[in-house]
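Colleague: Just so you know, this note's numbering puts 185 at position 134 of the sequence shown, and the rest follows in order with no gaps.
Where is the CB? At the ideal position from N, CA and C, for every residue including glycine.
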Amino acid sequence: MSNSPTNGSVNAHADEAYRRLLEIDDLAVHFLLERATVRAVNGVTLNLDRNSTLGIVGESGCGKSVTAHSIMRLVKSPPGKVVHGAIRYWPQDADTPVELTALDPTGPQIRHIRGSEISMIFQEPMTSLNPLHTVGRQIAESVALHQNLSRKDALDRAREMLALVRIASPEQRVREFPHQLSGGMRQRVMIALALSCNPQILIADEPTTALDVTVQAQILDLMNRLREEFESSIILITHNLGVVSQMCDQIAVMYLGKVVEYGTARDIFKRSKHPYTEGLLNSVPVLGRRQRQLVPIEGMVPSAADTVVGCAFADRCPAVMQRCREAEPPLRETEAGHLAACWLHE
């Protein structure tokens, strides 16, 4: 029996609801300081589908990490505060989402979700791992907490995860402390720790920073392989466009607390619509093209504590118009699934 148009629209809506895993809607996170209010995140809207990778790119201070910490409910309050917006998370086999911003940051519900269903690889593994405990104990503690395993079973799971992330001699490494491992091995330990409870969402905040190119490639390949194996989704936060080109299905470009362009990886790299995105692409060296001159983005990012009238990128934009200094462009669709906040595409 063929589907009627009504049945088809209902099925399409159901498929879309099933694919949706995380939805960030007009999120604003401000830090209320004595002398100023820092608008670290100022109206971010993003979606993450099941079994996909979303890349968030931008210069330092654009709000990437604060957005990730808000998902995990790790923004310290005070001074941090979610001023408005919502973060909706759909647990596995759930018909209705959990509103993460409404949860107590120290309450039992978010403590169950954090680490078990949503995990995070933090930016610097040496400061994220506890120097007083072995890496095996740190992984086992997380597993025992979220999966109710005995100490022995949790340690066995820790060895299994170290082997899974391709750390040689896991029987030996499980008894070693973070300072005894190289930078690449510590990063693998962080991935093992984050994936030890089979989370639905893995947030990776600059997972390859300070690693040499060979180790970077190994870490990225490992994350791709584990995403397929665990059927997880990844939010990859980075300033490295080369990394997102290899990893991501969708890319969001952030500038001064806002998303200024959003689309598929192909759209962003082949048909970028925002002058800031074009500036980022022009400042990336391309192997084998020696005659290509790198073009830096002139100027400085405005302070997140200042009130900006119009487009925040106007003072650095080569295509600036009078209207850019008078009104802020909304994030609108320029092509199917491709959005940009620029008056050039009105």
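Would LEU253 and MET236 be called neighbours here (beta carbons separated by less than 9 Å)?
Modeller: No, Cβ-Cβ distance for LEU253 and MET236 is not below 9 Å.
Colleague: I need the straight-line Cα distance from ALA205 to GLN223, nearest angstrom please.
Modeller: Between ALA205 and GLN223, the C-alpha separation is close to 16 Å.
Colleague: Does the distance from the C-beta atom of LEU390 to that of VAL295 stay below 9 Å?
Modeller: Contact flag unset, no.
Colleague: Grouping DSSP H, G and I as helix and E and B as strand, with all else coil, what is ASP155?
Modeller: Reduced to three states, the DSSP call for ASP155 is coil.
Colleague: Roughly how many angstroms separate the alpha carbons of GLU257 and ILE288, rounded to a whole number?
Modeller: Taking the straight line from one Cα to the other gives about 6 Å.
Colleague: In angstroms with no decimal places, state the Cα-to-Cα distance between ARG383 and VAL95.
Modeller: If you take the alpha carbons of ARG383 and VAL95, they lie about 13 Å apart.
Colleague: In the DSSP output, which residue or residues are listed as bridge partners for ASN98?
Modeller: DSSP, once it has assigned bridges, lists GLU74 as partnering ASN98.
Colleague: Determine the extent of the alpha helix (DSSP H) in which ALA268 is found, giving its start and end residues.
Modeller: First-last of the alpha helix (DSSP H) with ALA268: 264-281.
Colleague: With C-beta atoms as the reference, is LEU292 less than 9 Å away from VAL108?
Modeller: Cβ distance < 9 Å, so LEU292 and VAL108 count as in contact.
Colleague: Which of helix, strand or coil does DSSP assign to ILE164?
Modeller: Reduced to three states, the DSSP call for ILE164 is helix.
Colleague: Buried or exposed, going by whether 16 or more other CB atoms sit within 10 Å of the CB of GLN189?
Modeller: Buried is the call here.
Colleague: Once DSSP output is grouped into helix, strand and coil, what is the label at LYS309?
Modeller: Of the three classes helix, strand and coil, the one that applies to LYS309 here is strand, per DSSP.
Colleague: Put LEU331 into one of helix, strand or coil per three-state DSSP.
Modeller: Three-state result, LEU331: helix.
Colleague: Would GLY388 and ASP300 be called neighbours here (beta carbons separated by less than 9 Å)?
Modeller: Contact flag unset, no.
Colleague: Helix, strand or coil, according to DSSP, for GLY136 in the structure here?
Modeller: Residue state, collapsed to three classes: strand.
Colleague: Go through its chain and collect everything with a Cβ distance to GLY330's Cβ below 6 Å, but skip five positions before and after it.
Modeller: Here the set comprises ILE348.
Colleague: Output the residue ranges of the alpha helix (DSSP H) runs that lie fully inside the segment 179-260 and measure 4 residues or longer, sorted by chain position.
Modeller: Entirely contained in the segment 179-260, the alpha helix (DSSP H) runs reaching 4 residues are, in chain order, 186-198, 202-215, 221-224 and 234-246.
Colleague: Just how far apart, CA to CA, sit PRO182 and GLU227?
Modeller: Approximately 10 Å, taken between the alpha carbons.
Colleague: How many angstroms separate the CA atom of LEU73 from the CA atom of ASP146?
Modeller: Their backbone Cα atoms lie some 13 Å apart in a straight line.
Colleague: So, for TYR313: in the same chain, excluding its five sequence neighbours on each side, which residues have a beta-carbon less than 6 Å away from its beta-carbon?
Modeller: Here the set comprises ALA303 and LEU390.
Colleague: What three-state label does DSSP hand ARG367 in the structure shown?
Modeller: In the structure shown, ARG367 sits in a helix (DSSP, three-state: H, G or I).
Colleague: By Cβ distance below 8 Å, which residues in the same chain neighbour ARG306 in space, the five residues on each side in sequence not counted?
Modeller: Note that residue 306 is Tyr in the sequence shown, not Arg. Counting only Cβ-Cβ distances below 8 Å, and skipping sequence neighbours, we find GLY109, GLU110, CYS113, TYR327, VAL352, ALA363 and PHE364.
Colleague: Which term fits GLY350, buried or exposed, when burial requires 16 or more other beta carbons within 10 angstroms of its beta carbon?
Modeller: Classification of GLY350: exposed, given that the 10 Å Cβ count is below 16.
Colleague: Cβ of PRO156 within 9 Å of Cβ of LEU83?
Modeller: Against a cut-off of 9 Å, the Cβ pair of LEU83 and PRO156 comes out as no contact.
Colleague: Applying the 10 Å Cβ sphere with the 16-neighbour rule, what's the burial state of ASN199?
Modeller: With fewer than 16 Cβ atoms within 10 Å of its Cβ, ASN199 is classed as exposed.
Colleague: Just the Cα atoms here: how many angstroms apart are VAL225 and PRO250?
Modeller: Taking the straight line joining both Cα atoms gives about 21 Å.
Colleague: With 16 as the cutoff for other CB atoms within 10 Å, does ARG239 come out buried or exposed?
Modeller: The residue in question, ARG239, is buried, as its Cβ has 16 or more Cβ neighbours within 10 Å.
Colleague: So what does DSSP say about GLN344, is it helix, strand or coil?
Modeller: In this structure, GLN344 counts as coil in the three-state DSSP scheme.
Colleague: Shortest alpha-carbon distance to ASP76 belongs to which of LYS127, VAL89, THR104 and ILE122?
Modeller: For the residues LYS127, VAL89, THR104 and ILE122, the minimum Cα distance to ASP76 belongs to ILE122.
Colleague: Quick one: what's got a C-beta closer than 7 Å to HIS230's C-beta in the same chain, skipping five residues either side?
Modeller: Excluding positions up to five away in sequence, the list reads PRO182.
Colleague: If we ignore side chains and look at the alpha-carbon of each, how far apart do HIS64 and ARG71 end up?
Modeller: With a pLDDT of 45 at HIS64, under the threshold of 50, the modelled position of this residue cannot be trusted; read the value that follows with caution. For HIS64 and ARG71, the distance between alpha carbons rounds to 11 Å.
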